[in-house]
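The structure under discussion appears below in the form of structure tokens.
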Amino acid sequence: MNINFLNLLDQLPGALAQGLIWGILAIGVYLTYKVLDIADLTVDGSFCTGGAVFVVLLTGGAPLWVALVAAFLAGLLAGFATGIFHVFFGISPLLAGILTQIGLWAVNLMIMGKPNLSVNVNHFRLLVSLRYLQEVIKGERPWYQSPLLTVSLLILSLIAILYWFFGTEFGTGVRATGSNIKMAKAQGINTDFAKVFGLMLSNGMVALSGALLTQYQGFADINMGRGAIIIGLAAVIIGEALLVWIFRNFALRLLSSVIGAVIYFVVIQTVLWLRLDPNYLKLLTAVVVAVFLAVPHWKNKFASLPARNKGGL
Amino acid sequence: MLDIINISKTFNKNTVNENKALTSLALSIKDGDFVTVIGGNGSGKSTMLNAVAGVLAVDCGRIVIDGADVTRLPEHRRAPYIGRVFQDPMMGTAGGMSIEENLALASWRGKRRTLRWGLSKKEREFYCEKLNELDLGLEDRLTVKTGLLSGGQRQALTLLMATLRRPKLLLLDEHTAALDPKTAKTVLDITNKIVEHHALTTLMVTHNMRDAIHLGNRLVMFDKGRIVIDLQGENKRQLTVEKLLGMFENLNDFDEFDDKLLLS
Ligand SMILES: Nc1ncnc2c1ncn2[C@@H]1O[C@H](COP(=O)(O)OP(=O)(O)O)[C@@H](O)[C@H]1O
Ligand SMILES: [Mg+2]
Numbered sequence: 001m002n003i004n005f006l007n008l009l010d011q012l013p014g015a016l017a018q019g020l021i022w023g024i025l026a027i028g029v030y031l032t033y034k035v036l037d038i039a040d041l042t043v044d045g046s047f048c049t050g051g052a053v054f055v056v057l058l059t060g061g062a063p064l065w066v067a068l069v070a071a072f073l074a075g076l077l078a079g080f081a082t083g084i085f086h087v088f089f090g091i092s093p094l095l096a097g098i099l100t101q102i103g104l105w106a107v108n109l110m111i112m113g114k115p116n117l118s119v120n121v122n123h124f125r126l127l128v129s130l131r132y133l134q135e136v137i138k139g140e141r142p143w144y145q146s147p148l149l150t151v152s153l154l155i156l157s158l159i160a161i162l163y164w165f166f167g168t169e170f171g172t173g174v175r176a177t178g179s180n181i182k183m184a185k186a187q188g189i190n191t192d193f194a195k196v197f198g199l200m201l202s203n204g205m206v207a208l209s210g211a212l213l214t215q216y217q218g219f220a221d222i223n224m225g226r227g228a229i230i231i232g233l234a235a236v237i238i239g240e241a242l243l244v245w246i247f248r249n250f251a252l253r254l255l256s257s258v259i260g261a262v263i264y265f266v267v268i269q270t271v272l273w274l275r276l277d278p279n280y281l282k283l284l285t286a287v288v289v290a291v292f293l294a295v296p297h298w299k300n301k302f303a304s305l306p307a308r309n310k311g312g313l
Numbered sequence: 001m002l003d004i005i006n007i008s009k010t011f012n013k014n015t016v017n018e019n020k021a022l023t024s025l026a027l028s029i030k031d032g033d034f035v036t037v038i039g040g041n042g043s044g045k046s047t048m049l050n051a052v053a054g055v056l057a058v059d060c061g062r063i064v065i066d067g068a069d070v071t072r073l074p075e076h077r078r079a080p081y082i083g084r085v086f087q088d089p090m091m092g093t094a095g096g097m098s099i100e101e102n103l104a105l106a107s108w109r110g111k112r113r114t115l116r117w118g119l120s121k122k123e124r125e126f127y128c129e130k131l132n133e134l135d136l137g138l139e140d141r142l143t144v145k146t147g148l149l150s151g152g153q154r155q156a157l158t159l160l161m162a163t164l165r166r167p168k169l170l171l172l173d174e175h176t177a178a179l180d181p182k183t184a185k186t187v188l189d190i191t192n193k194i195v196e197h198h199a200l201t202t203l204m205v206t207h208n209m210r211d212a213i214h215l216g217n218r219l220v221m222f223d224k225g226r227i228v229i230d231l232q233g234e235n236k237r238q239l240t241v242e243k244l245l246g247m248f249e250n251l252n253d254f255d256e257f258d259d260k261l262l263l264s
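Here the protein sequences line up with chains A and B, keeping their order.
The first sequence maps to residues 1 to 313 in the working numbering.
The second sequence maps to residues 1 to 264 in the working numbering.
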């Protein structure tokens, strides 16, 4: 049992790294699900798009940063497609996301040329890699080259940028669109534009996350995004459930989604350590998400029964 | 200031649910007019306001605000001209955002939204001062989310937001109907104060005949998508509930009379 437990501890840095990388996807999901009030299923496709674009460019000789930026831009495009399906074609956001997701499956295959493309850490300098993590643990690399640190710094910069953006006049308008669209229109906000913009930004983050996971695991795979939206939602919901009481500021809310993702992967690692069949993990995730989603609904239902504002202002 | 030129709106055209909400409606309002609007349920009052605000596209006719034809403009591009308060207190503010953020959004109504960050001390002071005028104790709750306010507080705040930048037109759609009588009176008093202070051109729909008679300088009554009574000046000043009811009954007699004529 003792040795077994050490086993779990061994796995922990890996779970942390994965959690942080998926945390960037969780930030993207937070932007659509919480800020814009849209459940955007584009994510399952755009996650892989980010990985695919990254691998193809890097192995094709592009510098690391170019490949990363290109992955982000590809995510923006994916979000743009969903946005146009929604505001211009009048398709419900849920369906619009599914349409893009299905379309992206073919696009991702086209980009990669085959269902699985690897990027060898021996031949390319990567931003993050499982190899680097292992080397740091073994003491073969200095601690400051740990992927945990790299991704953490990246996350903090992303949160800082998003915090700035959503505090500007324009960004405040995007938040208002998600909070009360009728009011937003009455205040002269172009809510269609705000929604498209938000969907783009969100999927840019998701694709960036996909590009990082691709480096970390050493390959991009056509199925790597399957169920990503549920993991993202789980991260957002777990983060909110645990931290909503203390994290009120927008930047901290974003951070709580990242923490949610880390917790999710630590829990998954523990479940694996308990030798549960990994095939049931998605079922477990789905049930957990469903229950967490139900809680506010139930709360509302019971709270609204005696709600009446009596007299005075 | 506002010219509504023969607008019509039919919902669910060519179906069994076809519903003529507005039939060739015409109304011209001068700068500074405070018009109260009454009429039965479903007579088309909200539809008219929604048509003016751009929430609904009209089937035909034109809408001109201060010389600018806005008939084809989408809702958000008419916002520079129009301040609005709705019947539902939830609808006027973003519940998940703070009072100061809501006020800031309103202060940018009709302006290009830039990448300028945050609020300045001067802006906060300005909002405080304006909230102080409402006299509801909101001035030291700038960072409170509007979702936590009572219905009356939200309506008062929405009213303030609608007029923070002087609108060419203020549209109030039964904005006190969802409030208890005491709160409704407070909000109505605030409304009257703001409208008079800024001499705002206002259209106020109300279900309360007494309010419609006592407030404003012009009264119109809707029936079946048309304006059937339109009183201003001395006629409006000397109006009483009894007189108004009398007029409405005469009108109905007239309709029946018409029908009889047609049938015979
Ligand atoms: N979005 C809509 N779709 C279909 N019918 C509508 C819609 N809005 C209003 N109506 C109908 O148009 C008529 C006028 O409604 P409305 O303008 O809301 O009346 P009022 O505000 O005077 O009570 C009503 O018969 C109503 O049922
Ligand atoms: Mg109405």
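All C-beta atoms in this analysis are idealised placements derived from N, C-alpha and C, irrespective of residue type, glycine included.
Does DSSP put residue i in a helix, a strand or coil?
{"i": "S24/B", "result": "strand"}
{"i": "K9/B", "result": "strand"}
{"i": "Q11/A", "result": "helix"}
{"i": "G139/A", "result": "coil"}
{"i": "D211/B", "result": "helix"}
{"i": "R72/B", "result": "coil"}
{"i": "M183/A", "result": "helix"}
{"i": "N250/B", "result": "helix"}
Any C-beta of chain A sitting closer than 8 Å to the C-beta of residue i?
{"i": "T116/B", "result": "Reading off the sequence shown, one finds Arg at residue 116/B, where the question assumed Thr. Chain A contact via Cβ: present."}
{"i": "M204/B", "result": "no"}
{"i": "G110/B", "result": "yes"}
{"i": "P80/B", "result": "yes"}
{"i": "G96/B", "result": "yes"}
{"i": "A68/B", "result": "no"}
{"i": "L266/B", "result": "Given that chain B is displayed from residue 1 to residue 264, the structure contains no residue 266/B and the question cannot be resolved."}
{"i": "H76/B", "result": "yes"}
Just the C-alpha distance for residue i and residue j, rounded to the nearest angstrom, thanks.
{"i": "N203/A", "j": "L12/A", "result": "28 Å"}
{"i": "A290/A", "j": "Y33/A", "result": "15 Å"}
{"i": "P278/A", "j": "K182/A", "result": "45 Å"}
{"i": "K310/A", "j": "R275/A", "result": "Reliability of the predicted coordinates at K310/A is poor, the pLDDT of 39 falling under 50, and the value obtained from them is presented with this limitation in mind. Looking at the two C-alpha atoms, the distance is approximately 56 Å."}
{"i": "N122/A", "j": "V262/A", "result": "28 Å"}
{"i": "I237/A", "j": "L117/A", "result": "32 Å"}
{"i": "F5/A", "j": "V271/A", "result": "12 Å"}
{"i": "R113/B", "j": "V174/A", "result": "10 Å"}
{"i": "W298/A", "j": "V288/A", "result": "15 Å"}
{"i": "V258/A", "j": "L156/A", "result": "10 Å"}
{"i": "I159/A", "j": "A70/A", "result": "20 Å"}
{"i": "I99/B", "j": "R62/B", "result": "36 Å"}
{"i": "Y264/A", "j": "A235/A", "result": "6 Å"}
{"i": "G239/A", "j": "F292/A", "result": "11 Å"}
{"i": "L239/B", "j": "H214/B", "result": "9 Å"}
{"i": "L104/A", "j": "G210/A", "result": "14 Å"}
{"i": "A57/B", "j": "R84/B", "result": "17 Å"}
{"i": "G246/B", "j": "I229/B", "result": "12 Å"}
{"i": "S129/A", "j": "G113/A", "result": "23 Å"}
{"i": "N250/B", "j": "R210/B", "result": "20 Å"}
{"i": "G227/A", "j": "L254/A", "result": "21 Å"}
{"i": "T82/A", "j": "L94/A", "result": "9 Å"}
{"i": "K185/A", "j": "A15/A", "result": "43 Å"}
{"i": "D140/B", "j": "A207/A", "result": "43 Å"}
Any beta carbon from chain B within less than 8 Å of residue i's own beta carbon?
{"i": "F170/A", "result": "yes"}
{"i": "A176/A", "result": "yes"}
{"i": "G167/A", "result": "yes"}
{"i": "I189/A", "result": "yes"}
{"i": "L164/A", "result": "Residue 164/A is actually Trp in this sequence, not Leu. Taking Cβ atoms only, chain B reaches closer than 8 Å to W164/A, which makes this a yes."}
{"i": "N309/A", "result": "Unreliable positioning characterises N309/A in this predicted model, as indicated by a pLDDT of 43, which lies under 50. The coordinate reading is nonetheless provided below. By this cut-off, N309/A is an interface position."}
{"i": "G198/A", "result": "no"}
{"i": "K182/A", "result": "yes"}
{"i": "G173/A", "result": "yes"}
Report the residue from the options whose alpha carbon sits nearest the alpha carbon of residue i.
{"i": "Q77/A", "options": "F89/A, T49/A, K185/A", "result": "Note on residue identity: the sequence assigns Leu, not Gln, to residue 77/A. Of F89/A, T49/A, K185/A, the residue nearest in Cα terms is T49/A."}
{"i": "I91/A", "options": "S146/A, W105/A, D192/A, Q269/A", "result": "D192/A"}
{"i": "L103/B", "options": "L159/B, R116/B, A178/B, I7/B", "result": "L159/B"}
{"i": "P269/B", "options": "N132/B, H175/B, V70/B", "result": "The structure shown does not extend to residue 269/B, since chain B is modelled only from 1 to 264, so the question has no answer here."}
{"i": "C60/B", "options": "A68/B, G95/B, A94/B, L22/B", "result": "L22/B"}
{"i": "L8/A", "options": "V66/A, V266/A, V295/A, N120/A", "result": "V266/A"}
{"i": "G118/B", "options": "W164/A, S256/A, K195/A, A26/A", "result": "W164/A"}
{"i": "D44/A", "options": "L283/A, M224/A, R248/A, N300/A", "result": "M224/A"}
Less than 7 Å separating the Cβ of residue i from some heavy atom of ligand 4?
{"i": "E133/B", "result": "Absence of ligand 4 from the depicted structure is noted, with ligand 1 and ligand 2 being the only ligands included."}
Exercise for the section: Run through the stretch 221-285 of chain A for me and flag every whole alpha helix (DSSP H) of 4 or more residues, listed as ranges in chain order. Expected result: 228-243, 250-273
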